[in-house]
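Novice:
Numbering (my numbering), first residue to last: 173 to 392.
1) Between the beta-carbon of residue 288 and the beta-carbon of residue 192, is there less than 8 Å?
2) If you reduce the DSSP assignment to three classes, tell me which class residue 374 lands in.
3) To the nearest angstrom, how far is it from the Cα of residue 257 to the Cα of residue 182?
4) Check the C-beta distance from residue 365 over to residue 279 and give it rounded, since I have them as a contact under 8 Å.
5) Can you tell me whether residue 183 is helix, strand or coil according to DSSP?
6) Reducing DSSP to helix, strand and coil, say where residue 206 ends up.
7) Is residue 201 buried or exposed, if buried means 16 or more other CB atoms sit within 10 Å of its CB?
8) DSSP three-state call for residue 115: helix, strand or coil?
9) DSSP three-state label for residue 169, please.
10) Pull up the distance between the alpha-carbon of residue 189 and that of residue 254, whole angstroms please.
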């Protein structure tokens, strides 16, 4: 799509750094330069105000990536695109079937009501819970990673959704300040909400998390 729109050498494309590298790689393949913008800490999608701050005379496009079942603020991003005459593209995750999404939402509601010691996700704007991503408060990555290891010992499958932001990878390293992106990479943990989970398995997730959550104190 970038190539078809004439984006190429000498152009800049604003992209998020929180996620995998495939969007930045696509920009490189089109011959342009990826410019990283910070995320909204609630949706984990690129923040319109951060995009606005990253725009230069060389900016040709913006790519918004919908994350974990939450959508980027496309209304504001399209308004930015119109104001600066930029191409605005969307990159979406694969969506689960409707009945599976309903079951994921049901399990997410169960966790929302019972989890303590972690920050549960905001369910606004039609969250489909492709991933149920919590924040583990503490002093950064060591606390979150220790929390994850302890959960796995108790039989709870969990994963770190973004281990290293793209702007910190060697091939894309940039000297840019993205505080929300880096904090999210340090604190986020995806807990299972698969439609196949039984009530006993959901109870195990809550029990394991709550037994650990009170041990972690927010950083100041």
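Note that CB positions come from ideal geometry on N, CA and C, so glycine has one too.
Specialist: With the given structure in hand:
1) no
2) helix
3) 16 Å
4) 4 Å
5) coil
6) strand
7) exposed
8) What the structure shows of the chain is the stretch from 173 to 392, and residue 115 is not part of that stretch, so it cannot be assessed.
9) Limits of the chain in this structure are 173 at one end and 392 at the other, which puts residue 169 out of reach.
10) 23 Å
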